[in-house]
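>
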Ligand code: ADP
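Residue numbers (the numbering used here): 326 to 498.
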């Protein structure tokens, strides 16, 4: 199947998404934070924090996997995106690696479906338009060469990202 056919756009709260894995926009401690990270920890329950304490953190561009505990999703992939510092600190490459690391874990665990939030575009300040280009390009390129994950869902939460992803993915209505 063509890569584009394996990509979907959803608007809403990623903690409600019933995918094999949801991706968390985590910080390097992997011990929770604000935004989508806080929402995922609240919805998964305290077992998630307990589990993540044993994960040893992750550097920007890396990802680690945990069970989903009380979430509908079976797994959470904790990906650490870059903090935007103006664009000359390898932020684009680090964001690409955060998506790639997550996709590699999805392949390793043979996950059918993986849902991504818009990593780094909240508190981390990454420009949304550029972040969407990187996310979509990295995912399409991966899907063109790999069988897993079978489907990728981009979950947008705010108006601006919804608009950007609709345009770039050619979703109408
Ligand atoms: P970062 O620190 O990587 O910027 P944030 O959590 O601050 O992470 O923001 C990343 C993106 O997640 C933002 O686009 C924000 O709108 C979105 N977001 C926040 N809460 C949720 C949620 N419950 N489900 C899906 N996306 C969310």
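Note that the Cβ used here is the ideal one computed from N, Cα and C, for glycine as well. Nothing here was measured: the structure is a model prediction, and the numbers come from that model.
With DSSP as the reference, label residue 459 as helix, strand or coil.
Here the question's residue 459 lines up with position 134 in the chain shown. Note: residue 459 maps to helix in three-state DSSP.
> For residue 419, is the classification buried or exposed, using 16 other Cβ atoms within 10 angstroms of its Cβ as the cut-off for buried?
Translated into the one-based positions of the chain shown, residue 419 becomes position 94. It is buried - the Cβ of residue 419 has at least 16 other Cβ atoms within 10 Å.
> Beta strand (DSSP E) containing residue 422: first to last residue?
For the purposes of this step, residue 422 is taken as residue 97 along the chain shown, with counting starting at 1. Note, residue 422: premise wrong, no beta strand (DSSP E); alpha helix (DSSP H) at 416-433.
> Quick one: what's got a C-beta closer than 6 Å to residue 336's C-beta in the same chain, skipping five residues either side?
To locate residue 336, count along the chain shown from 1; it is residue 11. Here the set comprises 481, 487.
> Curious, which full-length beta strand (DSSP E) runs of at least 3 residues does the segment 338-414 contain?
As far as the segment 338-414 is concerned, its whole beta strand (DSSP E) runs of at least 3 residues are 346-351, 388-392, 400-405.
> Spell out a yes or no on whether the segment 396-404 and the segment 448-456 are touching, meaning 3 or more CB-CB pairs, one atom from each, closer than 8 Å.
As far as the Cβ criterion goes, the segment 396-404 does not touch the segment 448-456, which means the pair count is below three.
> Does the separation of the CB atoms of residue 363 and residue 357 fall below 9 Å?
Taking the first residue of the chain shown as 1, we reach residue 363 at position 38. Taking the first residue of the chain shown as 1, we reach residue 357 at position 32. Yes; because the gap between Cβ atoms is below 9 Å, this pair is in contact.
> Assuming residue 398 contacts residue 346 (C-beta within less than 8 Å), just tell me the rounded distance between them.
Numbered from its first residue, the chain shown carries residue 398 at position 73. Numbered from its first residue, the chain shown carries residue 346 at position 21. At roughly 6 Å, the Cβ-Cβ gap stays under 8 Å, so residue 398 and residue 346 are in contact.
> Would you call the CB atoms of residue 459 and residue 479 closer than 9 Å?
As a first step, residue 459 is located in the chain shown; it is residue number 134 there, counting from the start. As a first step, residue 479 is located in the chain shown; it is residue number 154 there, counting from the start. No.
> How should residue 416 be labelled, buried or exposed, when 16 other C-beta atoms within 10 angstroms of its C-beta is the threshold for buried?
The sequence position of residue 416 within the chain shown is 91, counting from 1. With 16 or more other Cβ atoms within 10 Å, it is buried.
> What does the alpha-carbon distance come out to for the pair residue 386 and residue 439?
Counting from 1 along the chain shown, the entry for residue 386 is found at position 61. Counting from 1 along the chain shown, the entry for residue 439 is found at position 114. One C-alpha to the other measures close to 17 Å.
> Tell me whether residue 463 is buried or exposed, calling it buried when 16 or more other Cβ atoms sit within 10 Å of its Cβ.
As a working mapping, residue 463 is identified with position 138 in the chain shown. Its Cβ being crowded by 16 or more others within 10 Å, residue 463 is buried.
> Quick one: is residue 477 buried, meaning 16 or more other Cβ sit within 10 Å of its Cβ, or exposed?
Looking up residue 477 in the chain shown gives position 152. Buried.
> Grab the span of the alpha helix (DSSP H) containing residue 488 for me, first residue to last.
Working through the chain shown from its first residue, we reach residue 488 at position 163. Note, residue 488: alpha helix (DSSP H), 484-494.
> Counting only the same chain and skipping the five closest in sequence on each side, list residues whose C-beta sits under 7 Å from that of residue 471.
By one-based count along the chain shown, residue 471 stands at place 146. These residues qualify, in order along the chain: 432.
> From 445, 427, 338, 395, pick the residue whose C-alpha is nearest to that of residue 473; which is it?
As a working note, residue 473 is residue 148 in the chain shown. Selected option, being the one with the closest Cα: 427.
> When we look at the beta-carbon of residue 413 and count the other beta-carbons within 10 Å, is it buried (16 or more) or exposed?
By one-based count along the chain shown, residue 413 stands at place 88. Exposed, by the Cβ-count rule.
> In angstroms, rounded to a whole number, what distance separates the CA positions of residue 327 and residue 344?
Here residue 327 is taken as the residue at index 2 of the chain shown, counted from 1. Here residue 344 is taken as the residue at index 19 of the chain shown, counted from 1. The straight-line gap from Cα to Cα measures roughly 20 Å.
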